[in-house]
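Throughout the sequence shown, residue numbering follows my numbering, covering 3 to 238 in sequence. A virtual CB, placed ideally from N, CA and C, is assigned to each residue, including glycine.
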Amino acid sequence: MASATESTKILCIICNKGKGIFKCEGCSHVFCPKHSIDHRNELSKQLEEITVTHDLIQQTLVQQTEDPQLHPLIQKVDQWEKESIVKIRQLADKVKNDLCTYTTEHTTLIKHKLKQISIELRQSGEESDFSEIDLQRWTQKLEELREEFLSPSTITLRENFTPYITSIYIDRHNTFDVFERVYGAAQIKENGNLAVQSDRSGRTEIRGRNEYTSGRHKLRFRIEQFDPSGWISVGI
Numbered sequence: 003m004a005s006a007t008e009s010t011k012i013l014c015i016i017c018n019k020g021k022g023i024f025k026c027e028g029c030s031h032v033f034c035p036k037h038s039i040d041h042r043n044e045l046s047k048q049l050e051e052i053t054v055t056h057d058l059i060q061q062t063l064v065q066q067t068e069d070p071q072l073h074p075l076i077q078k079v080d081q082w083e084k085e086s087i088v089k090i091r092q093l094a095d096k097v098k099n100d101l102c103t104y105t106t107e108h109t110t111l112i113k114h115k116l117k118q119i120s121i122e123l124r125q126s127g128e129e130s131d132f133s134e135i136d137l138q139r140w141t142q143k144l145e146e147l148r149e150e151f152l153s154p155s156t157i158t159l160r161e162n163f164t165p166y167i168t169s170i171y172i173d174r175h176n177t178f179d180v181f182e183r184v185y186g187a188a189q190i191k192e193n194g195n196l197a198v199q200s201d202r203s204g205r206t207e208i209r210g211r212n213e214y215t216s217g218r219h220k221l222r223f224r225i226e227q228f229d230p231s232g233w234i235s236v237g238i
């Protein structure tokens with residue numbers, strides 16, 4: 003029969019052995035000597051990974067400081083520009099191809115009318131059968147053909163005011179905020195970046211520094227510890 007001391011004995015969370023246990027103040031778990039070393043090595047590995055992430059972010063910031071064009075938002079605008087240019091070229095090519103077809107048909111018609119005038123001019127010149135009225139008529143016809151050729155009355159270029167390309171603009175949100183005011187049992191730490199509730203028995207209210215009356219705002223925060231028996235309300 004197990005004694006009361008054995009039943010309440012704290013065991014290593016990994017191997018369930020209680021000899022020479024060590025408690026980690028970070029995760030509150032207890033480990034035997036062997037697994038305490040493994041746990042410490044795992045923490046060291048995580049620290050190395052965090053350091054690598056830090057170095058990558060720092061390198062990215064340095065690169066963007068030296069060349070602002072490397073910023074992801076700038077690159078997004080560049081991508082929008084490329085896609086818009088492709089759409090414009092595609093539409094321009096289509097309109098040009100259609101125009102080539104229409105203008106070819108129109109030019110053929112102009113040539114046919116001009117040929118008729120050529121026949122009249124040749125016959126009237128050979129027979130010397132023309133007057134001032136004929137000269138004025140031919141002059142008027144030729145002028146009409148010239149205008150029709152340069153500016154066809156049957157073909158018109160119009161602009162469609164329905165947006166073919168989506169516009170892009172900057173929507174800036176100046177919503178960098180920190181915790182500043184507390185009503186109830188809570189403390190603000192780390193220069194306003196951390197709020198800790200010291201007593202969960204009563205109602206606690208924590209407010210930020212900024213006030214918002216209009217516009218769209220984005221606030222980011224993380225809840226590290228939460229009591230499922232309680233509740234949290236977030237609002238602006």
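Coil, strand or helix - residue i by DSSP
{"i": "residue 191", "result": "strand"}
{"i": "residue 20", "result": "coil"}
{"i": "residue 38", "result": "helix"}
{"i": "residue 151", "result": "helix"}
{"i": "residue 3", "result": "With a pLDDT of 42 at residue 3, under the threshold of 50, the modelled position of that residue is not reliable, and no figure is offered here."}
{"i": "residue 131", "result": "coil"}
{"i": "residue 14", "result": "coil"}
{"i": "residue 117", "result": "helix"}
{"i": "residue 52", "result": "helix"}
{"i": "residue 89", "result": "helix"}
{"i": "residue 57", "result": "helix"}
{"i": "residue 143", "result": "helix"}
{"i": "residue 108", "result": "helix"}
{"i": "residue 236", "result": "coil"}
{"i": "residue 72", "result": "helix"}
Burial state of residue i (16 or more Cβ within 10 Å)
{"i": "residue 3", "result": "At residue 3, the pLDDT of 42 sits below 50, so the modelled position is not reliable; the number obtained from the coordinates is stated separately. Result: exposed."}
{"i": "residue 228", "result": "exposed"}
{"i": "residue 38", "result": "buried"}
{"i": "residue 223", "result": "exposed"}
{"i": "residue 94", "result": "exposed"}
{"i": "residue 29", "result": "exposed"}
{"i": "residue 6", "result": "For residue 6, the predicted model reports a pLDDT of 43, less than 50, meaning its position is unreliable and no value from the coordinates is stated."}
{"i": "residue 56", "result": "exposed"}
Beta-bridge partners of residue i, as assigned by DSSP
{"i": "residue 159", "result": "Answer by DSSP bridge pairing: none, since residue 159 is not bridged."}
{"i": "residue 25", "result": "32"}
{"i": "residue 208", "result": "184"}
{"i": "residue 197", "result": "190"}
Interface flag, residue i vs chain C, CB-CB below 8 Å
{"i": "residue 40", "result": "Any reference to chain C falls outside this structure, which holds one protein chain only."}
Sequence-distant residues of its chain with Cβ nearer than 6 Å to residue i (five each side left out)
{"i": "residue 35", "result": "22"}
{"i": "residue 157", "result": "104"}
{"i": "residue 108", "result": "154"}
Spatial neighbours of residue i in its chain, beta-carbon cut-off 8 Å, leaving aside the 5 residues before and after
{"i": "residue 2", "result": "Any answer about residue 2 is impossible in this case: the structure gives the chain only from 3 up to 238."}
{"i": "residue 13", "result": "19, 20, 23, 32"}
{"i": "residue 204", "result": "186, 187"}
Spatial neighbours of residue i in its chain, beta-carbon cut-off 7 Å, leaving aside the 5 residues before and after
{"i": "residue 91", "result": "none"}
{"i": "residue 209", "result": "182, 183"}
{"i": "residue 73", "result": "66"}
*Could you tell me whether the region 141-157 touches the region 102-118, where touching means 3 or more Cβ pairs closer than 8 Å?*
yes
*asked:* Whether or not the region 118-131 and the region 178-195 are in contact is what I'm after, with contact meaning three or more pairs of Cβ atoms, one per stretch, closer than 8 Å; do they touch?
replied: no
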